[in-house]
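So for the sequence shown, my numbering puts the first residue at 1; every next one is plus one.
Inspection log for the structure reproduced underneath, given as structure tokens.
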Amino acid sequence: MQSNSLTGGIYAIGEFFMFLVKLNVLWMIGTLVGLVLFGFGPSTLAMYDVLRRWMRKESDVPVWRNFWRQYKTYIVRGNKLTLTLMLVVMIVYINITYFIIEPAWLTILIKYALFIIAALLILTVLYVYPATVHFEMKLLESIKQSFFIGLYMPLRTLYLVAAILTVYHVLFLFPLLIFLFGISLFGFIQMWIVLRTFARLEDKQARMVAAST
């Protein structure tokens, strides 16, 4: 009985890693299909959508078919989101790097403000792709919701950052893993934490509504 349980556990772990490998390959192919710039957004949203459905056991559709179906769904939305974020990042980066004004203290003050904006932008990016597939919102609503969730759940956000940095450190030590399941592992860890953050937030909101009635 114990042997069967051990064998079943090993099989489940093997299946899980094969799932991540497939998803990683699909993400890379999808990104290349869109010539990187126009493929990153839909590929990333499709990956998060597949991960979300897998975690919630919502779909029995094979990973390959599910990914490409979601890829087509998110072509427009994914590119709008990614290109918007890229534009904002470029504006903030250029201003931090090259902005100079007299007097010098005003330059320092504005650059500190830009660093705060950059931190808030990173906070938003942590949630915006998972939020887009989870809540199925329009572009601005998705960005706004992600921003407020990151601020409203600071401990969960710190937990998410710590987890991502841990995965980054492991992949830095073993770079070959990036080509096997590096991107999908990032996505899995992020989606796993974010889904629980969304669940806690929805539970808090439900309790607040119940308390007010």
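Ideal Cβ positions, reconstructed from N, Cα and C, are used throughout, including at glycine.
Since the model is a prediction, treat every value here as computed from it, not as a measurement.
Contact holds between the segment 181–192 and the segment 8–24, because three or more Cβ pairs, one in each stretch, are under 8 Å apart. Taking a contact as a CB-CB distance under 8 Å, the pair residue 128 and residue 116 does not count as one, their CB atoms being some 18 Å apart. With respect to residue 45, residue 188 sits apart: the two C-beta atoms are not nearer than 9 Å.
Take residue 154, set aside five residues on each side of it, and no residue of its chain has a beta-carbon closer than 8 Å to its own. With a beta-carbon spacing of about 4 Å, residue 123 and residue 150 fall inside the 8 Å limit used to define contacts.
Membership of residue 175 in any alpha helix (DSSP H) is not indicated, and neither H nor E is assigned to it by DSSP. Excluding sequence positions up to five before and after residue 180, its CB lies within less than 6 Å of the CB of 21, all in the same chain and listed in chain order. Ranked by how close their Cα comes to the Cα of residue 158, the residues 12, 209, 35 and 193 have 193 in first place. Burial of residue 63 is indicated by the presence of at least 16 other C-beta atoms within 10 angstroms of its C-beta. Approximately 7 Å separates the beta-carbon atoms of residue 190 and residue 164; this is inside 8 Å, confirming the contact. With 16 or more other Cβ atoms from the protein chains shown falling within 10 Å of its own Cβ, residue 43 counts as buried.
If you look at residue 80, you'll find it in the alpha helix (DSSP H) that goes 75–98. In the structure shown, the three-state DSSP call for residue 153 is coil. Its chain contains 114 as the residues whose beta carbon lies nearer than 6 Å to that of residue 95, once the 5 sequence neighbours on both sides are disregarded; these appear in chain order.
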